[in-house]
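Everything on this sheet refers to the single structure shown next.
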Amino acid sequence: MIRLEHVSKGYKTSTRPALDDVSVTVDRGEFVFLIGPSGSGKSTFLRLLLREDVPSRGRVFVADWNVAKLPRRRVPRLRQRIGCVFQDFRLLNNKTVAENVAFALEVIGKPRHTIRKVVPEVLQLVGLDGKADRMPHELSGGEQQRVAIARAFVNRPLVLLCDEPTGNLDPDTSQDIMLLLERINRTGTTVLMATHDHSIVDSMRRRVVELSVGRVIRDDARGVYGVGR
Amino acid sequence: MRASFVFSEVVNGLRRNVTMTIAMILTTAISVGLLGGGLLVVRLIDRMQDVYQDRVEVVVFLTNDVSANDNSCTQEPCSQLKSELSKSSGVESVKFENRDQAFASFNKVFETMPELRDVARKEAMPASLRVKLSDQERFSAIQQKFQGKPGVDSVVDQADYLDRLFNVLNGVRNATFSIALVQAMAALLLISNTIQLSAFTRRTETGIMRLVGATRWYTQLPFLLEAMVSGLIGAFLAIIGLLISKAAFIDRVMGPVFGTGIIPEIGYGDIAAVSPIMLIVAAAISATTGYVTLRLYVRL
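Protein chains in written order, with the numbering used here: chain A, 12 to 240; chain B, 30 to 329.
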């Protein structure tokens, strides 16, 4: 599903590469933690998958797309198959919960009757049925992140990229969010989650890819956060 | 493409930066209004050229002696002059106008000015040979050839008088177009600024749109439409401005001149004819500016 082949990425402003000869393969339906300290290259990793950036060397594949070679006009097609969740939720504060989720479908031109059908379904999946008409500021942090996940998942992406999705949440709420991500993973969606959260990584016992200074220093099938330090 | 979605984005965008939007609309209106004014002057000039083209003649005025004694151009030197003129190259036709006819046409031209008619005496009217040229450039050759010949008083090209009038009108046209151009620059910068501001206030939306895979077109269209809508509103205001200035200003001040038929009237039909041009220019310019701004300054 995701394959990086000897990928390096350097930025003009830095002499040190953000990613240095990284090769990782993630199969369909896997749940993978991407861990490492700030500046280890996690964000660059995610940006390359989304084609927010292109690698300096090496090749990036998502599904069957050779991401770096994708013509500009095909990039939206790629992004429609990738869902994104962020630490800061990124909801539209002037739209209700349902409108926030529907927005992701409206802007890619989905017909209205489809939107009317799938938005309640996905809100139910993330446990927000009954809160469709609330505004984001009326929700708790955990609920807001659920809205963000619903928005990322509503178009049934092949891959869900999560960049510190629990970074702003307390441990209990984080645990709920992880259960939700696990449920989404069970539908066959590949989940790639960048995180600093030791306890979550340790409790989930999923595959862990650890980056340090742009290199993969560990790739455990059922890892914990702190091993090897 | 969901029209209702795009439409609501456009309305929101315009409302959010309302002061900038108004500034953008007003500058566009002034610029396009001046453009329209200039186009009206162009139409006026064209029509005048049409009207006068057929009437313009080279006039060989005959001396008082000839005017008084030769009523039908059958004697020397008139008949000789007439046949020589007819044979000159570039001459289409030569017509003789005797003193009586000259007086009659004088009276007709100044029909509305009785005080002039009262002082005019028939004896002051010169007879003339009216020469229609097939080639206007031949005038100086003809003037050189006939000026000073016996029986010739003077050789006059009526086109000279018209040229002076057209020079004034061309000047008016150029001035309006120049001011329109300067205003257009201001309008362009304002449009560009407004779009950047608009894109900035909506960066969360556009960021999400990018991430969920909205096409560039879908993301940019609301901004482009925003620019175009304000451009079109500006153009409409400009058209209304032209209509008002015709009714309240041009008709009142120029009315008597239009009445004489010397300058053709600027009608509502003329404004109707230049309006589509104003609308198209406003829409095209604002859309182009919007597009270029989005490409160069805004990352969507």
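The C-beta atom is built at its ideal place from N, Cα and C for all residues, glycine as well. Bear in mind the structure is a predicted one, so any value in this text is a computation, not a measurement.
A residue is called buried when at least 16 other Cβ atoms come within 10 angstroms of its Cβ; residue 155/A meets this threshold and is buried. Proximity of residue 255/B to chain A, defined by a Cβ-Cβ separation below 8 Å, is not satisfied. Chain B places no beta carbon closer than 8 Å to that of residue 143/A, leaving this residue out of the contacts. Residues of the region 210 to 237 of chain B whose Cβ lies closer than 8 Å to any Cβ of chain A, in chain order: 233, 234, 236, 237.
Unbroken alpha helix (DSSP H) runs of no fewer than 4 residues, entirely contained in the region 32 to 92 of chain B, are found at 32 to 45, 47 to 82, following chain order. Assigned with DSSP and collapsed to three states, residue 124/B falls in strand. Listed in chain order, the alpha helix (DSSP H) runs fully inside the region 214 to 294 of chain B are 232 to 240, 245 to 274, 280 to 289, counting runs of at least 4 residues.
The beta carbon of residue 196/A sits closer than 6 Å to the beta carbons of 42, 202 from its chain, once the five residues preceding and following it are set aside; these are given in chain order. When C-alpha distances from residue 234/A are compared across 221/A, 216/A, 223/A, the shortest belongs to 216/A. By the CB criterion at 8 Å, residue 144/A and residue 107/A fall inside the cutoff.
The region 203 to 238 of chain A contains, as complete beta strand (DSSP E) runs of 3+ residues, the segments 218 to 223, 226 to 231 (chain order). The continuous alpha helix (DSSP H) containing residue 124/A extends over residues 123 to 136. The count of Cβ pairs closer than 8 Å, one atom from the region 48 to 57 of chain B and one from the region 231 to 249 of chain B, stays below three, leaving the stretches out of contact.
In the three-state scheme derived from DSSP, where H, G and I count as helix and E and B as strand, residue 298/B is classed as helix. Within the same chain, Cβ atoms closer than 8 Å to the Cβ of residue 72/B are found at 295, 299, 302, 303, the five residues on either side in sequence being excluded. Identification of chain A residues near residue 247/B by a Cβ-Cβ cut-off of 8 Å yields 118, 119, 120, ordered along the chain. Sequence-distant Cβ neighbours of residue 126/A in its own chain, meaning closer than 8 Å and more than five residues away, are 113, 116, 117. Residue 168/A counts as buried, since no fewer than 16 other beta carbons sit within 10 angstroms of its beta carbon.
The DSSP-derived three-state label of residue 71/A is strand.
For residue 227/A, same chain residues with a beta-carbon under 8 Å away, outside a window of 5 residues either side, are 33, 34, 35, 220, 221 in chain order. Close to residue 115/A, with beta-carbon spacing below 8 Å, are these residues of chain B in chain order: 237, 241. Listed in chain order, the positions of the region 180 to 204 of chain B with a beta carbon within less than 9 Å of a beta carbon of chain A would be empty, since no residue qualifies. By the rule that beta-carbons nearer than 8 Å mark a contact, residue 192/A does not touch chain B. When the five nearest sequence neighbours on each side are left out, the beta carbons in the same chain lying within less than 8 Å of the beta carbon of residue 198/B are those of 70, 73, 74, 77, in order along the chain.
Against residue 28/A, chain B offers no close residue; the least beta-carbon distance is about 24 Å (beta-carbon pairs closer than 9 Å). Between residue 133/B and residue 149/B, the alpha-carbon positions lie close to 11 Å from each other. Interface flag for residue 98/A against chain B is unset, since no Cβ pair is found closer than 8 Å.
Here residue 22/A has 29 as same chain residues with Cβ atoms under 7 Å from its own Cβ, once five neighbours each way along the sequence are excluded.
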